[in-house]
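A quick write-up on the structure given underneath.
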Amino acid sequence: MKTTAPVVLLVVCVVALAAGCGGSGGGSSGSGGGNSSAGAAQRGGTLVIDRSAESESMDKETVFDNESIWILEQIMEPLYTVAPDGKGVVPWLAKSYTLSSDKKTYTFHLRPGVKFSTGKAMTSADVKFSIDQARKASQGWGYLDTAIKDIEAPDPETVVVHTKFPWAPLLADIALFANGIVPKDYGGETAKEFYTHPVGTGPFKWNHWQHGVEIVLDRNPYYWQKGKPYLDHVIWKTVTDTNTRQLQLQGGQAQIDEFPDWQTVNTLENTPGIEMKLFPSTRTDYMMMNERYAPLADVHVRRAISYALDRNAMIKSVLFGNGEAANSFMPPQVPYYDKDSPGLQYDADKAKQEMSQSKYPNGFTVEMLIGAGVADEKSIGQIVQQELGKIGIKVVFKPVDPSVEFTNEQEFKYQLGLSYWTMDIADPDELVTFAVDPTSGAKSFYTDYNNANVVKWTHAAERTFSTGDRQKLYDDIQKQAAEDAFMAFLYYSPYRYAFSDKVHGFFVYPTGNYHMENVWLSK
Amino acid sequence: MDRFAYILRRLVQAVPVVIGVTVLVFFMIHLVPGDPARTMLGVHATPQKVAALHHEWGLDKSIPEQYKLFMGRLLHGNLGDSLFYHVSARDLIWQRLPVTLWLIAYGTVLSVLIALPLATIAATRKDAVRDQAVRVVPLIGLGFPPFWLGIMLLLAFGLHLGRHFPVGGYGDGLFGHLNSMFLPALTVALGIAPILIRSLRASLLQVLESDYITTARSKGIPERRVLLRHALRNAVSSTVSVLGVNIGFLVGGTVVIEQVFALPGIGQLMLNSIFQRDFPVVQGVTLVFGIMVVLVYLATDVVHSLLDPRVRFD
């Protein structure tokens, strides 16, 4: 998922491309959040969400930015969806599935009575069409569906998915928003026409989009969860100025403020009529080390760097204390995260010790790529520069336009660089393949890190269905990756939302999405 | 030279300025670091897409040829498609333009409504307490940056002293616009009014000491009539030029004010488009801003010529 500040957008797209940004909402009915002490849910009303950035497109198959994804998920829903804790999936438009003994055939049984917002019943033909279209999106999310061999629709309520090989993450992949269900043949339109006013089975239906101003959705009267959604309309307004968003929330013009500034979190927590919530996210920030630069190919140097960085100083400086030091490249909200993984933490003595064991005991000079004008990167860069200076590593900043920062990283035209990852699916495979497999498109997060055992375990985990066995494999991967210090894992940070105390049922999932059908306004 | 010929001459003089603006706008694309096509298409771009955009923009051609192509499209009203929204940049700008024009017009009217009485009060009682009081206003007004002033007005009149005005937004219908845009227009006005007050006060003081004013007074014409009919018209002439220059600056200044007040005008569109690397839209808005400034200066000269016939013969 994506970023909070426009200036970081390009950096994030980095991750967004391979990591993808998005996810789907999970949650069974009545899940979490907001204010839960206001009694029975009330129908009606219009909810205004002030958000920090604009949507790009409603094309679920190709769009990568979260500001689009979080809205289109209110319209188009998948067969399964992410659970509220982000650690698994729950049935959604499918009520159940069975898996063949060779683990290569998934048979989904669709939930009866599901209708599109046009009133037309959803059938297996719609499901087959929707997932087939998502698979074809070579410039979009198709790469997550590559394990799928073909899809059949033997009867209106059954969908059969054949995989090319046993593939443990399939359910998580099916739950991706890109595999959301739309009417077969886009209801007779071209894809381009259809996605200007998409139709789905979700709690809300399309009203209009005034580019750069607002997107308005209306209640879907045919929604399959009886009695939901509660709201008549939801409006996402683009208000990029953080002060104005806060004032509009306080003034009652908006009910939800997306991503208030970190520095205002404490103030908002103490503002009457306002709820300030930090929802656990899957965002993990890293410092990448390009192993094509000789000193960084030395594991002792990388370990020294990892030990030298004061994560808490970064958390204080950038997040105003609202984060946690990362011990793994996997975040706590992803399945198979190992809380005991020995991610190298701040230890000045060990940093010096590792440097003395390296081929560069007297230090060296290294360039650090910084997005020009990106305040957070500058703050982190200054801490990195100061801390590495203590172990003899001279850090020289190389500021570049944020728009080319990721391109430079992709092309290995950097030595040290900053990036982050957020999860799109409730399975670690997407992240792990991206991060530690040098043969993947991302070449181990663009570091060229290559540990044959880690790669072997990664691919074994993809085909292992036993939870215990998968956990063991991912524990080994996290432990080894941490010891190899292929990146410096920096910190985990939450999603931050401020909302009126009249808002109830608002809950943000670790994948960043939310389920508006559960949200209601008290009078 | 009659009035029509003067206006025509000024129009002709504006043409090279507009051409200069187009040249600047054209070269903006060449200031983007790296390959502009790749930068604009982002990290998802395939080599085919990059090549297609190169061809579309003629980036594989020489600079003069590229400019010729750019102007050819421009003369057909084609600003290209937004890379972010995939819709016509011209349509995006066209939808947003009324908000910015409203802001500029409303702000200008308010600034005149503030400046005219204050300057007149100050000039008619030179060095009196009320003159000193009015002379302090510009110092305060000019000292506050618009973004800060805007936030303070929002806090005061949108929140803490009662919710008299909406906290941002454009509003619906004439009354809605007048209501919603009052605070942003006031922010604009408070930025311009101090300059107008200073200019108008100085001009009025000068004019009020003229022989013809003394003559008018000696004829027994009431002071109010002397001031409004005889002095103000002459004094206001130079202030119109000052106002014109400031509206010119204001056109660019709307970027900040639209951002603070969440107004969906072309200033906000430009800022967001910069962050989104949506260069066709940035180019389009820059062009529109440039043309607006030229038109404001042209209108200023025309009004000036109507108020002071001497300028038509220079």
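Protein chains in written order, with the working numbering: chain A, 1 to 523; chain B, 1001 to 1314. Glycine residues also receive a C-beta, built at the ideal position from the N, C-alpha and C atoms. These numbers come from a predicted model, not from an experiment.
{"Item": "Any beta carbon of chain A sitting closer than 8 Å to that of R1090(B)?", "Value": "no"}
{"Item": "What is the DSSP secondary structure of A326(A), counted as helix, strand or coil?", "Value": "coil"}
{"Item": "For the putative contact between I174(A) and P78(A), defined by C-beta atoms under 8 Å, what is the C-beta separation to the nearest angstrom?", "Value": "6 Å"}
{"Item": "When you compare the CB of D241(A) with every CB in chain B, is at least one pair closer than 8 Å?", "Value": "yes"}
{"Item": "If you drop the 5 nearest sequence neighbours on each side, which residues of the same chain put their C-beta closer than 7 Å to that of Q357(A)?", "Value": "H300"}
{"Item": "List, in order along the chain, the chain B residues whose C-beta lies closer than 7 Å to that of T271(A)?", "Value": "Here the premise fails: no neighbours, minimum Cβ distance about 11 Å."}
{"Item": "If contact means a Cβ-Cβ distance below 7 Å, which residues of the stretch 230-254 of chain A contact chain B?", "Value": "V239, T240, D241, N243, T244, L247, Q248, Q250, G251 and Q253"}
{"Item": "G371(A) touches chain B at which residues, Cβ-Cβ below 9 Å?", "Value": "Here the premise fails: no neighbours, minimum Cβ distance about 12 Å."}
{"Item": "Closer than 6 Å by C-beta to E54(A): which residues in its own chain qualify, once you throw out the five before and the five after it? Chain order, please.", "Value": "G212 and T238"}
{"Item": "Using a Cβ-Cβ cutoff of less than 7 Å, which residues in the same chain neighbour G1169(B) once the five nearest sequence positions on both sides are dropped?", "Value": "S1180 and A1262"}
{"Item": "Whole angstroms is fine: what's the gap from G26(A)'s alpha carbon to L231(A)'s?", "Value": "Here the model assigns G26(A) a pLDDT of 34, short of 50, so the residue's position is not dependable, and the following value carries that caveat. So the two alpha carbons sit approximately 19 Å from each other."}
{"Item": "Run through chain B and tell me which residues come within less than 7 Å of E527(A), C-beta to C-beta.", "Value": "The first residue shown for chain A is 1 and the last is 523, placing residue 527(A) beyond what the model contains."}
{"Item": "Hey, A481(A) and V519(A) are a contact pair by Cβ (cut 8 Å); roughly how many whole angstroms apart?", "Value": "The Cβ separation is near 39 Å, so there is no contact."}
{"Item": "Checking 8 Å against the spacing of the C-beta atoms, do L249(A) and D50(A) come in under that value?", "Value": "yes"}
{"Item": "By Cβ distance, which residues of its chain are closer than 8 Å to N362(A), with the 5 residues on each side in sequence left out?", "Value": "G392"}
{"Item": "So, at 6 Å on beta carbons, what are the nonlocal neighbours of L1298(B) in its own chain, with the 5 sequence-adjacent residues on each side left out?", "Value": "R1010 and A1014"}
{"Item": "Look at P229(A) and M58(A) and say whether their C-beta atoms are less than 8 Å apart.", "Value": "no"}
{"Item": "For a quick check, are the C-beta atoms of A1128(B) and R1201(B) less than 8 Å apart?", "Value": "no"}
{"Item": "Measure from the alpha carbon of P1194(B) to the alpha carbon of each residue in R1135(B), P1264(B), D1131(B) and L1295(B), then state which is nearest.", "Value": "R1135(B)"}
{"Item": "Here's the rule I'm using: 16 or more other beta-carbon atoms within 10 Å means buried, otherwise exposed. How should G30(A) be labelled?", "Value": "For G30(A), the predicted structure reports a pLDDT of 38, less than 50, and the residue's modelled location is therefore unreliable. A value from the coordinates is still provided. Under this definition G30(A) is an exposed residue."}
{"Item": "What did DSSP end up calling Q225(A) once you bin it into helix, strand or coil?", "Value": "coil"}
{"Item": "Using the beta-carbon count (16 or more within 10 Å), is V1260(B) buried or exposed?", "Value": "buried"}
{"Item": "For a test of the three-state rule: what should DSSP assign to I181(A), helix, strand or coil?", "Value": "coil"}
{"Item": "Please check the pair K95(A) and H109(A), which I expect to be a contact at CB under 8 Å, by giving their CB distance rounded to whole angstroms.", "Value": "6 Å"}
{"Item": "So which residues of chain A does N1272(B) contact, with C-beta pairs closer than 7 Å?", "Value": "E54, G212 and T240"}
{"Item": "Leaving out five residues on either side along the sequence, give the residues of the same chain with a beta carbon under 6 Å from the beta carbon of G1284(B).", "Value": "L1079, A1089 and I1093"}
{"Item": "Give a yes or no on whether the minimum CB-CB distance between A1052(B) and chain A is below 8 Å.", "Value": "no"}
{"Item": "Per DSSP, L521(A) is paired with what?", "Value": "V503(A)"}
{"Item": "I'd like to know if Q1283(B) contacts chain A, where contact means its C-beta is closer than 8 Å to some C-beta of that chain.", "Value": "no"}
{"Item": "Using CA atoms only, rank isn't needed, just tell me which of N513(A), V503(A) and N327(A) is closest to Q42(A).", "Value": "V503(A)"}
{"Item": "How do the stretch 1198-1213 of chain B and the stretch 1234-1252 of chain B stand: do at least 3 beta-carbon pairs fall below 8 Å, yes or no?", "Value": "yes"}
{"Item": "For S440(A), which option in V89(A), L144(A) and E61(A) has the closest C-alpha, if you only look at C-alpha atoms?", "Value": "L144(A)"}
{"Item": "Residues in the same chain with beta-carbon distance under 7 Å from Y186(A), minus the five sequence neighbours each way, listed in chain order, please.", "Value": "F194"}
{"Item": "Leaving aside the five residues before and after F364(A) along the sequence, list all residues of the same chain whose C-beta is less than 7 Å from its C-beta, in chain order.", "Value": "P295 and I393"}
{"Item": "DSSP on Q1056(B), reduced to helix/strand/coil?", "Value": "According to the sequence displayed, residue 1056(B) carries Glu and not Gln. Three-state result, E1056(B): helix."}
{"Item": "With DSSP collapsed to three states, give me the class of L171(A).", "Value": "helix"}
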